[in-house]
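The structure appears below as structure tokens.
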Amino acid sequence: MINSKAKKIILISVLALLLVAAIVLATIFFPFGKDKKPSGDKNKKPGNTVSDTVDDTDDDFDDIEMDDDFDYDFEDEEDNLIYLNEFDYFSHLFTYPANMEEDGVLLVNRIYLAAHEKYTTLAPPTTDKEPLPEAQVELLIGDTNRQLSKDAKALLEKNKNKNANDFVILEKDGNIAINALSTAALEKAIDYFMETFMSDDYPEMEKGYCYVYQKSPVIKTAQIAGVDFRQWKIVVPNGCSYIYTRYLYSAVDAIREATGYEIPICFDTKTSASAYEILVGNTNRAESTAVADRDSYYIKQEGTKLVINGGHTYSLSRATKAFYDAVNKAVEKKSEKLIPVNMSLNGKYEESDTDYNIAFADEFDDDSLSNWINRPGYLNTVTGIATGGTVSFAEDERVRYVKDGKLVFKFHTEDLINWVQSPELVSRDRVTYDYGYLEMKAKLPKGSGVYPGFWVARNYTAYPNSPEIDLMEQFGVDNQFAANVHLWWYVPDATNKLVSKHINKGDAHWFARKITLPEGETLNDEWHTYGCEITEDAIRFYFDGIKFGEYSLNKDRMDMFAQLKEIRIGYNKIGVNSTIPMPDKTTVSEFEVEYIHIHQTKNLGQIADHF
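Sequential numbering of the sequence shown, starting at -16, is according to my numbering.
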């Protein structure tokens, strides 16, 4: 006789078998997802999917159901297509947010240039501040102020909380929005869009198209020093260096990839103090204790602050690398403890076989200027300049000198002669280099008619093919500067006299790399860093540690830009009768330089030192 306990076990077993059978039948007759498509499947055109999600194990894309109350209209007709052909590319404006960070604008340039290669009359990208012309449609990149971008952002935020790895692509009335909640995810979105809709394989998109990419977190909860990591932010000083911020961004990337949440990196003067901060370098927070020894660095917890500092940019870079290594090790182990409680680390700078090492540093501790010479051939002479007019290049100590550990270029006009006195220094026959990272920390001058510059070039005797890389040129606009690459050569004019010519290289054919600070901010009131990294395959520009420009050295005669260069720094090349308005004779302004550094790796491009 079967007792009551045995009956219950039998009943549960039967019900379990029935449930398994029901699931199997449902899978056969009602498969989940109507348009399952492996990433990169070139045999299937993208359909009108409501939303797709990534499977972290096999990288397949499946449809997922959205909430019923999300009021977005979707078209279902299979033949209801937008053809992204020549006509549509001509009609689409590439629009991005006016307040987009430099690394985001770099992504806008990438997708624009990909389209421009085929459609050369395509209008340049524009910000969302510009009014939309009548009968025009837009390709909206990032979080613009247009309603379609807002719809896309709302979709991501509604889908799940930790969404910094996710992106969305929406179409409505011919307009297309590409949006994400982090720059890294926006880069993935642009890459996906270019591969899917800007190649010959995928020339069309369905009307009402909506595609959501989401990545499941590997680490669902995490702590820094025992506190939920989402309460922390990283604080750096204005004018920080790429040499140490690169590891901070790598740490943020590792955390975002594992958790789906991005820890913000903020400048100390632009964010109010909060309870939990990772302080890097000499910030304006009281806990950021300075380091007297240039080669020393430390990491330690001070109450609710984690403080990272070093005596120099190169030693601080070793500290931020140690921070990144700790984070990355925790992520690889899928540990919830990204940084332990009461972390404490002290170290000394040591040269690395693989990382950047300090190769040259002029910090203007004395007034000798032994690393520099005045621009040869132009001393106390009048010459024509790029903006028109004439200028006198002078070695007079009134216009360039060292004071309080700063190199100072001082602008003034001659009282009796209608010239502009303009100092220019070069490192020729002192220091030249080929590969590496060059950086200047400076405070630019104010006013119309001033023209500071910082650039590298091959010796002018290397004409007729001489490359020039401009890290910074300012044309009298207090909150803006440009970076560019040129190639110079000599050609005979009508009288058979050799005259110099130049052309902008790379995407500088179409638009220069420009940085414009927000309204109310200038490049004169605070210190900023201007950097350029030259490797075997690329030139990259940085401003305050953030990349804003990149040029490939693998095409279009760009390889010569990796050849030996000298450093040049100058001021006030806008001369009399220039195309830019001249300042009056009472104008006095200063261009201050705190340091010039070169960092190099051991295996690529050492300093050529001619002392």
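Heads up, the beta-carbon is just placed ideally off N, CA and C, and yes, glycines get one too.
Please read these numbers as outputs of a predicted model, since none were measured by experiment.
Here D156 carries a coil assignment [DSSP, helix/strand/coil]. Judged by DSSP secondary structure, H99 falls within the alpha helix (DSSP H) whose first and last residues are E85 to H99.
DSSP places D345 in the uninterrupted beta strand (DSSP E) bounded by N340 to D345. The alpha-carbon of F250 is positioned some 22 angstroms away from that of I322. Taking C-beta atoms as the reference points, V151 and A167 fail to come closer than 8 angstroms. Judged by their CB atoms, G264 and S279 are not nearer to each other than the 8 angstroms cut-off. Spanning the alpha carbons of N146 and E140 requires a straight line of approximately 7 angstroms. Positions of the beta strand (DSSP E) runs, each at least 3 residues long and wholly inside the region 171 to 211, are given as 187 to 189 and 193 to 196 in order along the chain.
The DSSP-derived three-state label of F306 is helix. Spatial neighbours of K155 in its own chain (CB-CB distance under 6 angstroms, excluding positions within 5 residues in sequence) are listed in chain order as L131. For C515, the closest alpha carbon among the candidates G388, S271, G419 and N221 is that of G419.
Of all alpha-carbon atoms in T242, R129, D520 and L169, the one lying nearest the alpha-carbon of S199 is that of T242. Per DSSP, the beta bridge partners of I217 are I248 and I261. Assigned with DSSP and collapsed to three states, R277 falls in coil, not helix or strand. Excluding the 5 residues flanking it on each side, T204 has same chain C-beta neighbours closer than 8 angstroms at D211 and E319, in chain order. Residue pairing from DSSP places L123 in a beta bridge opposite T78 and A160. With a beta-carbon spacing of about 6 angstroms, D527 and G222 fall inside the 8 angstroms limit used to define contacts.
By the Cβ-count criterion, K424 is buried, with 16 or more other Cβ atoms from all chains shown falling within 10 Å of its own Cβ. Boundaries of the beta strand (DSSP E) around S327: S327 to K331.
Residues F77 and P108 of the same chain have their beta carbon placed closer than 6 angstroms to that of Y95, with the five preceding and five following residues left out of the count. With contact defined as three or more Cβ pairs closer than 8 angstroms, the region 328 to 347 and the region 574 to 581 are in contact. DSSP lists no bridge partner for Y297. With 16 or more neighbouring CB atoms inside 10 Å of its own CB, G125 falls in the buried class. In this structure, the straight-line span from the alpha carbon of A172 to that of G436 is close to 36 angstroms. In this structure, the straight-line span from the alpha carbon of P114 to that of P80 is close to 13 angstroms.
Looking at S233, V468 and I159, the one whose alpha-carbon comes closest to that of N311 is S233. Distance between E121 and I217, taken at the CA atoms: about 35 angstroms. Here L536 is buried: its Cβ has 16 or more other Cβ atoms, across all protein chains shown, within 10 Å. Non-local C-beta neighbours of T505 in its own chain, meaning closer than 6 angstroms and more than five positions away in sequence, comprise D461 and N462, ordered along the chain. In terms of Cα proximity to M177, the closest of Y227, V91 and L164 is V91.
At the C-beta level, E170 and I529 stay beyond 8 angstroms of one another. In this model, G459 and P247 are separated by some 33 angstroms (Cα to Cα). Under the three-state reduction of DSSP output, A465 falls in the strand class.
Cβ contact annotation for I202 (same chain, cutoff 8 angstroms, sequence separation greater than five): A241, T242, V314, K317, S318 and E319, in chain order.
Assignment of E422 by DSSP, reduced to helix, strand and coil, places it in the strand class. Measuring C-alpha to C-alpha distances from L352 to each of V324, E333, N325 and R383 identifies R383 as the nearest.
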